[in-house]
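Numbering (this note's numbering), first residue to last: 15 to 222.
Before any comments, here is the structure.
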DNA sequence: GACCAGGCACATC
DNA sequence: GATGTGCATGGT
């Protein structure tokens with residue numbers, strides 16, 4: 015994929031804080047819609063911890079409206095801000111001074127941050143070696159008969175991390191390339207019946 | 001007009 | 001534990 019597409023320069027964002035906001039806003043949402051929401055926040059001068067911590071939740075919802083699910087996402091952004099200020103006084107560097115295991119566990123306790131969002135934050139905002147698994151990862155690699163759609167997030171993550179060097183830049187590029195390829199070639203949800211690789215047994219075992 | 005997009009929490013059985 | 005549902009905009 016790298017030979018075909020080249021470097022993807024992920025995550026698209028100017029600062030770790032912007033990357034974190036984008037990670038929450040892009041949940042089940044087209045990135046172009048997220049860009050509009052981020053643009054609104056930028057214009058309002060709110061794309062920084064202090065600004066987002068102070069804004070009213072309903073006003074925030076209005077600004078991020080284009081990203082969809084705007085009420086629930088406003089709540090999730092505010093939940094992260096509460097977490098950031100409660101534990102780290104609003105200082106991202108302080109948050110990223112924790113080790114991978116500590117910070118991942120803490121992030122997952124924030125309502126609205128699940129495994130993919132947590133790992134996106136860790137990898138792309140914090141430069142931790144956390145492999146990100148998303149819908150495209152499942153779709154593409156299940157079509158290649160390398161894994162099943164039914165495998166859990168962590169089973170899939172473990173599979174990739176067990177077979178790849180622990181390398182932040184590799185994880186960064188790999189996930190970005192998966193998304194790039196998925197957007198261009200794997201847009202439909204139903205399994206590709208024509209895929210010649212479907213007969214290959216799943217190396218992770220059956221019945222999961 | 002239907003379908004989809006870089007998930008997640010929560011209710012119900 | 002598994003299965004189902006709400007959340008919502010904008011592009012194809």
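Yeah, the Cβ is synthetic: ideal placement off N, Cα and C, and Gly gets one too.
In this text the structure is predicted, and so the values were computed from the model without any measurement.
CB contact flag (residue i, residue j, <8 Å)
| i | j | result |
| --- | --- | --- |
| residue 129 | residue 122 | yes |
| residue 230 | residue 89 | In the structure displayed, the chain extends from 15 to 222; residue 230 sits before or after that span and is not available. |
| residue 171 | residue 145 | yes |
| residue 92 | residue 74 | yes |
| residue 191 | residue 35 | no |
| residue 234 | residue 148 | There is no way to answer for residue 234, as the model of the chain reaches only from 15 to 222. |
| residue 124 | residue 99 | no |
| residue 61 | residue 17 | no |
| residue 161 | residue 142 | no |
| residue 131 | residue 41 | yes |
Neighbour-count burial assignment, residue i, 16 or more Cβ in a 10 Å radius
| i | result |
| --- | --- |
| residue 201 | exposed |
| residue 187 | buried |
| residue 150 | buried |
| residue 133 | buried |
| residue 86 | exposed |
| residue 39 | buried |
| residue 21 | exposed |
| residue 29 | exposed |
| residue 25 | buried |
| residue 119 | exposed |
| residue 189 | buried |
| residue 197 | exposed |
| residue 178 | exposed |
| residue 71 | exposed |
Limits of the unbroken alpha helix (DSSP H) element including residue i
| i | result |
| --- | --- |
| residue 45 | 45-57 |
| residue 142 | Careful: residue 142 lies outside any alpha helix (DSSP H) and carries neither H nor E. |
| residue 90 | 84-102 |
| residue 135 | No alpha helix (DSSP H) contains residue 135, which DSSP labels as neither H nor E. |
| residue 80 | Run containing residue 80: none; DSSP gives neither H nor E here. |
| residue 35 | 30-39 |
| residue 201 | Per DSSP, residue 201 belongs to no alpha helix (DSSP H) and is neither H nor E. |
| residue 63 | 63-68 |
At least three beta-carbon pairs within less than 8 Å, the segment 57-71 to the segment 104-115: yes
At least three beta-carbon pairs within less than 8 Å, the segment 43-51 to the segment 77-86: yes
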